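All residue numbers for the sequence shown refer to my numbering, where the first residue is 2 and numbers rise by one.
The beta-carbon is built from N, C-alpha and C at its ideal position, and this holds for glycine as well.
Because the structure is a prediction, the values reported are computed rather than measured.
Working notes, beginning with the structure itself.
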Amino acid sequence: MIRLRRSVHFVPGGNERMIAKALTLPADGLILDLEDAVALERKAEARAAVLRWLETLDFGARERWVRINPLATDIRAVVEILDRLEDQHGLPFGATRLLLIATETPEGLLNIDEVARASPRIAALTWGVEDLSAAMGLPRTRDAEGRYLEIPRYARVMTAVAAAAAGVEAIDTVFTDIPNLEGLRRECEEAVAMGFTGKLSIHPSQIPVINETFTPSPEEAKEAEALIAAFEEHRQKGAGAFAYKGQMVDTPHLARARGIVERARQAGVL
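Spelled out as structure tokens, the structure:
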């Protein structure tokens, strides 16, 4: 079953006001951020607060992610630690999933395919531009019209490709121009066209736009259902590829249609 990850919203670790607000938002998932959102001297306090949130708060159907501070190790070592902890606490193997920010360093970007395939725990792949641009000394990441320049665009493309190759979801990075909801919508539409299934958010006002853009419309869902029905009709006749509304369709079109229908059902569109 598809797990909706249209909007994945950052919440600063330890900020009681913001977690209270976040639990009223229509985000599909929350990232409890212990890294960039927390000052160094407050790390221990924030970790304790996030642990308390996870143990006591009602997150409803929202998926919960914890953004940890950098580890001096690789993904496989992290997975080994999770294996031991799940065994110690009686949790099902693989219950703890990973959402990786894969492009924060040039090395990470160059090895993104290996990163995406590093563990079956990986549920989704996303990307970041600020740390990457700092590491490479990039003076800016967007052009005058707000579109990504070459290196961030390459990181975005490779995240989508690597996620698809590894069979995990691709989540687009944050849009930092908070008042510019039209720019956000345009960027979400681009992401949908690239195969991303969701987007990170940093402000409550962004979530409705993200959810709307990454949810199949009723018309799109009905069209996908009709295509699936046409495939079944032709399958019973022994046909593979066939003409549908003037276009040749085959197995990849069926897979895409099924994905649209499943996401539409999860979102309550069907």
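E56: not part of any beta strand (DSSP E); member of the alpha helix (DSSP H) spanning K44 to T57, first to last residue. Per DSSP, the beta bridge partners of V67 are L33. Taking a cut-off of 8 Å for Cβ pairs, the segment 164-182 and the segment 117-133 touch, as three or more such pairs fall below it. If you keep only unbroken beta strand (DSSP E) runs of at least 3 residues inside the segment 122-194, you get 123-127 and 170-173. The Cβ atoms of P13 and V39 sit closer than 8 Å to each other. Per the DSSP secondary-structure output, L101 pairs in a beta bridge with L126. Of the residues assessed, H90 falls on the exposed side of the cut-off, its CB having fewer than 16 other CB atoms within 10 angstroms. Annotation: A227 to E234 spans about 11 Å, alpha carbon to alpha carbon.
For M19, there is no enclosing beta strand (DSSP E); the residue is found in the alpha helix (DSSP H) stretching over E17 to A23. By the CB criterion at 8 Å, T106 and L150 fall outside the cutoff. Secondary structure note for H235: its alpha helix (DSSP H) is the uninterrupted segment P219 to Q237. Here P13 is bridged, per DSSP, to D34. Here the segment 77-87 does not lie against the segment 21-33, with fewer than 3 beta-carbon pairs under 8 Å apart. Counting only residues of its own chain and dropping the five nearest sequence neighbours on each side, G147 has a CB closer than 6 Å to the CB of G184. Around the Cβ of A164, a 10 Å sphere holds 16 or more other Cβ atoms; the residue is buried. Rounded to the nearest whole angstrom, the C-alpha separation of T216 and I208 is 12 Å. Relative to the Cα of P219, the nearest Cα in the group R143, R264, L99 and D84 belongs to R264. Taking the Cα positions, V262 is about 27 Å away from S206. A distance below 8 Å separates the beta carbons of L110 and A156.
Assignment of L111 by DSSP, reduced to helix, strand and coil, places it in the helix class.
V250 is bridged by DSSP to F243. DSSP, reduced to helix, strand and coil, places G199 within a strand of the structure shown. Note on geometry: alpha-carbon atoms of A45 and A117 lie some 30 Å from one another. Beta bridge pairing from DSSP links S8 with K200. Excluding the 5 residues flanking it on each side, L58 has same chain C-beta neighbours closer than 8 Å at I20 and L24, in chain order. Under the DSSP assignment, T214 falls in the alpha helix (DSSP H) whose first and last residues are Q207 to T214.
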